[in-house]
Amino acid sequence: MSSDLALGRFGSLLQRLRRSVAARSPAARWGLAAVTIVVLVFLGYLGVGSLTTTESAYLGSGRQYGPDDLIKITRVLERQRFPYHIDDQRRVAVASEQLEQATAAISKLPLGPRPPGEIRDDQSAGSNFWESLHDKELREYQGREKILESMIGDLPGIVGSFVWINRPKPRWGLQPVVKPSAFVRLETEGDRQLPFRTVQALTTILTGYEPGLTADAVTVVDRRGHKYLDAGNPALSALSHNRAREEELSQEILEQLDWIGGVRVSVQLSETVSPGLDPVTPGHSQRRDTVDSQTLRSAPDSKHVDPPTRPEAPPAGSAEPKVSAPAGAINRPLALEPELPSPPPRAATGAAAPNPTTTATPPSAPGHRTVTQTGARDVPAETGRVWVRVPRSYYYHVGILPSHKEPSLEEMQKLVARTEEQIKTGIALVVPLSGPSAWSTTIHMISDEVPLHLPPVVSPPSDARRIALDWGIAGAMGALAAALVTFGSWILSTRRPSVLPEAAPRKLRYHEGSSLTPGPSERVREFVRRNPESAVSVLERWTSQGGDVS
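Per this note's numbering, the very first residue in the sequence shown carries number 47; after that it's consecutive.
Here you go:
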């Protein structure tokens, strides 16, 4: 009953308001409409601002979770029906009002990577006296694979990994022994391709931790299906090794040329073929970069070193010590077995020793890398090409004179020549530029992707400035609304409707001071004239009651 009464009152109020607005002039009605729209827009702005600032929040203060942790977290959030969102940086966002509940829900989950030592200790502590040999062996193998996954996950660019080692059972008798193999599935940051140096580091971890595992028995793929290594394709392993070496040399040269801002370096090893390996197809072995170069002077054509030819087989019966090269080593061996002791040299004056010892240069050291053996072929030295691109803006900024004038063409040519000599000096600290294993060097100047005169960088407004700007906008909107309300009130007060005259009364009434009706004295005289007896009786009654007679 109360609700019906309230609705009735509200309806009557709306009717009165409608009639009141309809009685106003068109200008007053338009003013009221404008004030209403401004108030609604202002309230909507405040509401949207409050929603955007408190829409969502990240779990763990924006922590980036691993793939396994994301699976655990999403299961808990879905079980408790918390809406969530995972961005491209592997951060989990929930509603701000549900942040505390979601944090409490995942607080008991074992999140984060486990160190290898902890995994090893858990495996040793989980042994049981009643455990069978098969179960114990399986548990140990799984623990070793988890340790490998933990170590691989620490490599740069790798988010998560899955490792499986195939360990064939030992065979009895004269059957050949089957070596173990490894399969690794990776998940990279942003599904980007890994550098080849990281792939080689992964192979080193696998072969160093798992007994009997060799580099040519490792298969590595990522989540997109890109294949880095293939146990059945030694050419792919050799290509990966070469690319890793190129990346290593490029990084070393960049460290020597770090005084040139924006310099780019590309290294390409000369392709050679090791015995027992199929030649690598040119489509997969060479890496060409096409850049439109704009130079101030013409550079001479660089001389390219032809790749060494395939060495011939050693003559039969030659006492050649074995030099083992791991699968994938095209230009040089990664590691050498201990050399066999050579027989003592003959005592001959002026004659060289017939059996010189094996000499080798470490792979990481620059210089002429050759291995010389008695009666054996020479292992080809590592050769290649270096391409350096210097940005044009470097020459521009360095060549500016103290008077802020641009240098002449002759001065700029001298600057370019001097810079190229300094670049070659830095490259010579990494790879040889002279001798039989000299590398070819090409130096070009490239156009910048940014203009020479950079515009001034305007720092983004801070949070305090943004808050002050928001409050300023809100205050301006409020002042505008108040001004419109005042203007509308003034219009309403100046344009009120005229008051209608009151309706005439239904009964005739005598009013004092009216010229249409006689006064009291005249009415008394008229009464005495028409009825003297009644007038006398009235007068006597008046005097008997103490009235004054004049």
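In this text, a Cβ means the ideal position worked out from N, Cα and C, and glycines have one as well.
Decide if residue i is buried, meaning its Cβ has at least 16 other Cβ atoms within 10 Å, or exposed.
i           : result
residue 262 : buried
residue 39  : Residue 39 lies beyond the stretch modelled for the chain, which goes from 47 to 596, so this question has no answer here.
residue 430 : buried
residue 301 : exposed
residue 212 : exposed
residue 522 : exposed
residue 249 : buried
residue 69  : exposed
residue 487 : buried
residue 50  : exposed
residue 244 : buried
residue 389 : Only weak support is given to the placement of residue 389: the predicted model assigns it a pLDDT of 45, under 50, and the question is left unresolved by the model.
residue 289 : buried
residue 585 : exposed
residue 579 : exposed
residue 566 : exposed
residue 242 : buried
residue 77  : buried
residue 214 : exposed
residue 274 : buried
What's the gap between the Cα of residue i and the Cα of residue j?
i           : j           : result
residue 476 : residue 297 : 10 Å
residue 524 : residue 111 : 45 Å
residue 518 : residue 88  : 13 Å
residue 152 : residue 178 : 36 Å
residue 190 : residue 207 : 14 Å
residue 464 : residue 282 : 41 Å
residue 231 : residue 117 : 17 Å
residue 379 : residue 260 : Its pLDDT being 41, under 50, residue 379 is placed unreliably in this model, and the value from its coordinates should be taken loosely. For residue 379 and residue 260, the distance between alpha carbons rounds to 15 Å.
residue 109 : residue 163 : 24 Å
residue 107 : residue 280 : 46 Å
residue 155 : residue 113 : 14 Å
residue 484 : residue 428 : 9 Å
residue 66  : residue 514 : 41 Å
residue 185 : residue 295 : 42 Å
residue 256 : residue 196 : 14 Å
residue 342 : residue 304 : For residue 342, the pLDDT reaches just 32, beneath the cut-off of 50, and the residue's location in the model is therefore unreliable, leaving the point undetermined.
residue 74  : residue 80  : 10 Å
residue 130 : residue 237 : 22 Å
residue 266 : residue 210 : 11 Å
residue 482 : residue 459 : 31 Å
residue 467 : residue 285 : 32 Å
residue 444 : residue 203 : 36 Å
Go ahead and pull the three-state DSSP assignment for residue i.
i           : result
residue 280 : helix
residue 116 : helix
residue 174 : coil
residue 314 : strand
residue 231 : strand
residue 577 : coil
residue 333 : Model confidence at residue 333 stands at a pLDDT of 41, short of 50, so the residue's coordinates are unreliable and nothing is read from them.
residue 583 : helix
residue 104 : strand
residue 207 : strand
residue 297 : helix
residue 200 : coil
residue 192 : helix
residue 260 : coil
residue 302 : helix
DSSP puts residue i in a beta bridge; with which residues?
i           : result
residue 273 : 267
residue 491 : 436
residue 431 : 314, 486
residue 132 : 138
residue 212 : 227
Assuming the contact rule is C-beta atoms closer than 8 Å, residue i and residue j should be a hit. Round their C-beta distance to whole Å, please.
i           : j           : result
residue 461 : residue 470 : About 15 Å separates the two Cβ atoms, so there is no contact after all.
residue 313 : residue 292 : 5 Å
residue 473 : residue 299 : 6 Å
residue 252 : residue 194 : 7 Å
residue 22  : residue 122 : Examination of residue 22 is not possible in this model, given that the chain is present from 47 through 596 alone.
residue 142 : residue 102 : 6 Å
residue 205 : residue 235 : 6 Å
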